[in-house]
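Okay, so here's the structure we're looking at.
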Amino acid sequence: MQRLSWLNSDLTEQGITDSTSWCIAIITCFATLSVISGLDYGIKTISQTAFLLGNFLLLTVFFLDAPWYLLNVMVQSLGYHIQHFIEIGFYTDAFAQLATGEGAPNDGKGANQAWMDWWTIFYWGWWISWAPFVGTFMARISRGRTIRNVFLYTLSVPFVYAIVWFGTFGGAAIRMHRRATFLSDMGLELHNSSDFYLHTSSDFRPAGAGKCYSVPESLNHADYAAAGKYVTDTKVSPVCAFSYKDDAGYWFDLMGQYHGMGPFLVAVSLFTTVLYFVTSSDSGSLVVDLIANNGRESHVVQRVFWAITEGAVALALLRAGGPESLSALQSISICAGLPFTVVIMLMCTALWRALKIDQKHMPARDQRVDWALPLYGGIFDILEFVLTLGKSGLPQSKAVLDFFLGLFAPPLLLWKSLRGLAALQTAQPSTALQDGFMAAACSLTYSAWIILQILTGAEVENASGLWGIAWTSFVGFAVLVASVRHTVRAHFKIEGSGLEDLVSALFFWPQTLAQMVQQVDTPQKPSMKEVELGEEQLNPSVEKKEAEI
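Here the UniProt record's numbering is used: the first residue of the sequence shown is 1, the next is one more, and so on.
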């Protein structure tokens, strides 16, 4: 807004905070009105308007810049994406993350460590933190559509549009920067001043913004004097160099170079940005409202409450700590993306199994045997009891006791699990000697893990490397527990995988051991499928009559 002279160019920090507060208040008001109007009228109308204005800017820049060049950029960028998709997906910049003297590259070819931290970890964490909101909103607006359609239109169409969008604006921005750099070099070479072609204007520019240059019609240079050597569009001027100190403002430099239409395109950009903020806010309010109301449509007052609350929180943070407080909130949301990554992985597994059940490739929960004690049950029911203010029940004392036995005496629970399983097996059950060997191995590895960790923490002489052996012992212990869990699961025909067994043993071994003991001690009820098969065997005449009918 300072570039459009809508605000003074010499604003103080308090002035910037006040103007930002007004922007938040205006966006919140529009978002509230949109939420009141509902999904089909308010949110849909504003989002479509923002999309149309964005396409207007896209096509305007495409035709006013260099269309053939931009098309080449799109095709070339798509090729780069396909070529490096697998590589970048697994790229961790392992060597650059090492400290100097610890194996860091010294050939100058590796990226700075900040690149990995900012453009990869930050980028992934940012989008993962958006996943609950975007996923819930996509599910809400996709009601009635098939899973195939949702995957097709949420993965393919946005990807193609992103190629066109970034190819156009990114290609135009790179071209502008290269033209500005060329004019700076020509000014230094021909006139001994890199600022010879510097564009002079009274328009506001931030202190850290890159320099802008007026494009000349010709160059007095031997290499460019011949006809056709220097070809340029002087109406696409001035061209500005990119500066990291004003990276956000480079968009307005790009909009300001086309045929003197800079103020108009900048105004359209600002208005479109406001609309996109409004759509993000009202969509977020809708999602929070759905979550708070267990997916049911609520009264409009509740939606208004969430819309106003979002704006009020942003205003309170801004007024209390300035712009840095909003950056801190953003950092917190990004940090929340790391633990939520585990949740997303579990949800992907759950979705995969739900689809297998839907396609009859896996029996439904009421038609198969399941764990008598789930991993999230037992002692963890205490947390649910507290969160529900006593509405849920407390865990059984045996489940709590088994959890602590699994924590302090895991060989005992492993032995009980193996002997209980041997009593249930009819074909080649394990002997007491075999089970005793497994329990002894469990005791040895678990005790070694604890003792070696204590020695390492006590800084015993020549014991600094024992922590590696300690964690190796723990992994061995987890593998033993996972193998027994796999055997128990196979006996009871419980759905799962070896990877799940290993993860359970690594991170939740006390609960995993308690789970196995509960499973072998609990009398098993036949599944619905077994009941149906039993009824068919007892009443074969009924099935025969139904077939005849």
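Note that beta-carbon positions come from the ideal geometry of N, C-alpha and C, so glycine has one too.
Expressed to the nearest angstrom, what Euclidean distance is found between the alpha-carbon atoms of Thr234 and Phe151? 45 Å
On a CA-only basis, which of Trp509, Ser464, Ala482 is nearest Gln496? Give me that one, please. It should be noted that the sequence gives Gly, not Gln, for residue 496. Comparing Cα-Cα distances from Gly496 to each of Trp509, Ser464, Ala482, the minimum goes to Ala482.
Take Val35 as the anchor and find which of Ala514, Ser392, Ser333, Ile308 has the nearest alpha-carbon. Minimum Cα-Cα distance from Val35 among the listed residues Ala514, Ser392, Ser333, Ile308 corresponds to Ile308.
Run through the stretch 482–532 for me and flag every whole alpha helix (DSSP H) of 4 or more residues, listed as ranges in chain order. 498–507, 509–521
Taking the alpha-carbon positions, what's the Met261 to Met255 distance? 8 Å
The stretch 365–382 / the stretch 465–480 touching (three or more Cβ pairs under 8 Å): no
Helix, strand or coil for Val215 per DSSP? coil
List the endpoints of the continuous alpha helix (DSSP H) containing Gly436. 432–457
From which residue to which residue does the alpha helix (DSSP H) around Thr272 run? 262–292
Suppose you measure from the CA of Pro429 to the CA of Met516; what does that come to, to the nearest Å? 17 Å
Our contact map puts Val342 next to Ser417 with C-beta atoms below 8 Å; I'd like the distance itself, whole angstroms only. Actually they are not in contact, since the Cβ atoms of Val342 and Ser417 sit about 27 Å apart, beyond 8 Å.
Could you say which of Trp126, Thr60, Ser214, Asp289 lies nearest to Thr136 if we only look at CA atoms? Put simply, of Trp126, Thr60, Ser214, Asp289 the residue whose alpha carbon is nearest the alpha carbon of Thr136 is Asp289.
Tell me where the alpha helix (DSSP H) around Ala248 begins and ends. No alpha helix (DSSP H) contains Ala248, which DSSP labels as neither H nor E.
Can you find the residues in the same chain that come closer than 6 Å, C-beta to C-beta, to Cys240, ignoring five residues on each side of it along the sequence? Cβ neighbours of Cys240 beyond the five flanking positions: Ala180, Gly210, Cys212, Asp253.
If you drop the 5 nearest sequence neighbours on each side, which residues of the same chain put their C-beta closer than 8 Å to that of Gln83? none
If you measure between the beta carbons of Thr45 and Ser37, is that distance less than 9 Å? Cβ atoms of Thr45 and Ser37: closer than 9 Å.
Would Ala99 and Pro105 qualify as a contact pair, given that the criterion is a beta-carbon distance under 9 Å? no
Exposed or buried, what is Ile43 when buried is set at 16 or more other beta-carbons lying within 10 Å of its beta-carbon? buried
Can you tell me which of the three DSSP states Tyr376 falls into? DSSP places Tyr376 outside both helix and strand once states are collapsed to three, so it counts as coil.
Considering only C-alpha positions, which residue in the set Ile450, Leu315, Ala131 is nearest to Pro339? That would be Ala131, whose Cα lies nearest to the Cα of Pro339.
In chain order, what residues of the same chain have a beta carbon less than 8 Å from the beta carbon of Asp18, not counting five sequence neighbours either side? none
Where does Asp358 land, buried or exposed, given buried means 16+ other C-beta within 10 angstroms? exposed
Counting along the chain, where does the alpha helix (DSSP H) carrying Gly187 start and finish? 147–191
Nearest neighbour of Asp282, chosen from Arg140, Leu39, Cys23 [CA to CA]: Leu39
Could you tell me the distance, in whole angstroms, from the CA atom of residue 566 to the CA atom of Asn294? Because the chain in this structure spans residues 1 to 549, residue 566 falls outside the shown range and cannot be described.
Check Tyr258 in the structure and name its three-state DSSP category. strand
Who does residue 582 pair with in a DSSP beta bridge? Residue 582 lies beyond the range of the chain shown here (1 to 549); nothing can be said about it.
Start-end ranges of the alpha helix (DSSP H) lying completely within the stretch 293–380, minimum 4 residues: 300–321, 323–358
Ends of the alpha helix (DSSP H) at His221? For His221, no alpha helix (DSSP H) encloses it, and the DSSP letter there is neither H nor E.
Quick one: what's got a C-beta closer than 6 Å to Ser184's C-beta in the same chain, skipping five residues either side? Closer than 6 Å at Cβ, skipping near neighbours: Ser194.
Using a threshold of 9 Å, state whether the C-beta atoms of Ala172 and Ala314 are closer than that. no
With DSSP run on the structure shown, which of helix, strand or coil describes Val231? coil
Applying the 10 Å Cβ sphere with the 16-neighbour rule, what's the burial state of Ala423? exposed
From Thr49 to Leu33, what does the alpha carbon distance come to, in whole angstroms? Using only the alpha carbons, I get a separation of about 15 Å.
Asp402 - containing alpha helix (DSSP H), residue span: Taken as a continuous stretch (DSSP letters only), the alpha helix (DSSP H) holding Asp402 covers 397–408.
Under the three-state reduction of DSSP, which class applies to Val460: helix, strand or coil? coil
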